[in-house]
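Asks:
Residue numbers (the UniProt record's numbering): 1 to 210.
(1) Should residue 39 be labelled buried (16 or more other beta-carbon atoms within 10 Å of its own) or exposed?
(2) What are the boundary residues of the alpha helix (DSSP H) that includes residue 138?
(3) Excluding sequence positions up to five away, which residues of its chain have a Cβ less than 7 Å from the Cβ of residue 190?
(4) Using the Cβ count rule (16 or more neighbours within 10 Å means buried), how would you classify residue 197?
(5) For residue 174, which residues of its own chain have a beta-carbon under 7 Å away from its beta-carbon, when the five flanking residues on both sides are left out?
(6) Mind checking residue 92: buried by the 16 CB within 10 Å criterion, or exposed?
(7) Suppose the cutoff is 6 Å on Cβ atoms and the five residues either side in sequence are ignored; what does the same chain contact list for residue 150 look like?
(8) Within 10 angstroms of its Cβ, does residue 26 collect 16 or more other Cβ (buried), or is it exposed?
(9) How big is the Cα-Cα spacing for residue 113 and residue 121?
(10) Within 10 angstroms of the Cβ of residue 117, are there 16 or more other Cβ atoms? Answer buried if so, exposed if not.
(11) Are the beta-carbon atoms of residue 186 and residue 145 separated by less than 8 Å?
(12) Please go through the same chain and pick out, in chain order, the residues whose beta-carbon is closer than 6 Å to the beta-carbon of residue 34, but skip the five residues on each side of it.
(13) Less than 8 Å between the beta carbons of residue 110 and residue 193, yes or no?
(14) Where residue 81 and residue 90 are concerned, what is the direct C-alpha to C-alpha distance, given to the nearest angstrom?
(15) By the DSSP assignment, the alpha helix (DSSP H) with residue 22 in it spans what residues?
(16) Between which two residues does the alpha helix (DSSP H) carrying residue 191 extend?
(17) So, using beta-carbon positions, are residue 147 and residue 94 closer together than 8 Å?
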């Protein structure tokens, strides 16, 4: 991405307006720790969440769409592709470099009743989803996404899931420490959740299909 943001500018503007980290986070629909990470220049790729933060403090910054070279090299999984779950082998076959536990903020998890969960955006910083991020190289990420697109029914008519860019936090944002925010890919459910059960704690525990 061509635009980068000096977090100090954001911090100075926030303090001029006498806004707290919590207030900016609420306005932007992200976590307090994510705002802190941006202010401390721990986020290098500028995602939509950062743009919402700049808007929350009145900075008229617009960012270009990410180029191919700027695409995330992490994949966030929250259901059957988590380590130890029924489709973990599918992910292993795509040759990730490794994985670590992570959280998404601003998403809600639903039980689809099909043996796996689905996510939707809520933009509420307190809505957390537990999962893992798998790390890839620029060469293997694209190949892995082609596999995942098929599994997630991205090209179905209508699509079952759609793929989006977001930011994962590598440890619980409810902690006081501001941790690294990692740009990643995630699949969101593209069907109605009206008859699906909300999983309030954002944790999928069913290791296999029902």
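Cβ coordinates follow ideal geometry from the N, Cα and C atoms, glycine included.
Replies: This is what the structure gives:
(1) On the chain shown, position 39 is the one that residue 39 refers to. Per the 10 Å Cβ criterion, buried.
(2) Locating residue 138 in the chain shown gives position 138, where the first residue counts as 1. Residues 138-151.
(3) Taking the first residue of the chain shown as 1, we reach residue 190 at position 190. Apart from the 5 residues on each side of it in sequence, residue 190 sits with its Cβ closer than 7 Å to the Cβ of 158, 159, 160, 161 and 162 in its chain, given in chain order.
(4) Here residue 197 refers to the residue found at position 197 of the chain shown. So residue 197 ends up on the exposed side.
(5) For this step, residue 174 is matched to residue 174 along the chain shown. Caution applies to residue 174, whose pLDDT of 49 falls short of 50 and renders its modelled position unreliable; the value that the coordinates give is listed next. Around residue 174: no qualifying Cβ.
(6) Walking along the chain shown from the start, residue 92 turns up at place 92. Here residue 92 is exposed, its C-beta having fewer than 16 other C-beta atoms within 10 Å.
(7) The residue you call residue 150 lines up with position 150 of the chain shown. Around residue 150: no qualifying Cβ.
(8) As a working note, residue 26 is residue 26 in the chain shown. Buried is the call here.
(9) To locate residue 113, count along the chain shown from 1; it is residue 113. To locate residue 121, count along the chain shown from 1; it is residue 121. Rounded to the nearest angstrom, the two C-alpha atoms are 19 Å apart.
(10) Taking the first residue of the chain shown as 1, we reach residue 117 at position 117. Answer is buried; the Cβ neighbour count reaches 16.
(11) Taking the chain shown and counting its residues from 1, the one referred to as residue 186 is at position 186. Taking the chain shown and counting its residues from 1, the one referred to as residue 145 is at position 145. Contact flag unset, no.
(12) By one-based count along the chain shown, residue 34 stands at place 34. Apart from sequence neighbours up to five positions away, the residues of its chain that approach residue 34 with a beta-carbon distance below 6 Å are 181, ordered along the chain.
(13) Working through the chain shown from its first residue, we reach residue 110 at position 110. Working through the chain shown from its first residue, we reach residue 193 at position 193. Against a cut-off of 8 Å, the Cβ pair of residue 193 and residue 110 comes out as a contact.
(14) For this step, residue 81 is matched to residue 81 along the chain shown. For this step, residue 90 is matched to residue 90 along the chain shown. Each residue's alpha carbon lies about 7 Å from the other.
(15) Translated into positions along the chain shown, residue 22 becomes position 22. From DSSP, the alpha helix (DSSP H) with residue 22 extends over 21-28.
(16) Working through the chain shown from its first residue, we reach residue 191 at position 191. Element bounds for residue 191: n/a, residue is neither H nor E.
(17) Locating residue 147 in the chain shown gives position 147, where the first residue counts as 1. Locating residue 94 in the chain shown gives position 94, where the first residue counts as 1. Inclusion of residue 147 and residue 94 in the CB contact set at 8 Å is warranted, their separation being smaller than that value.
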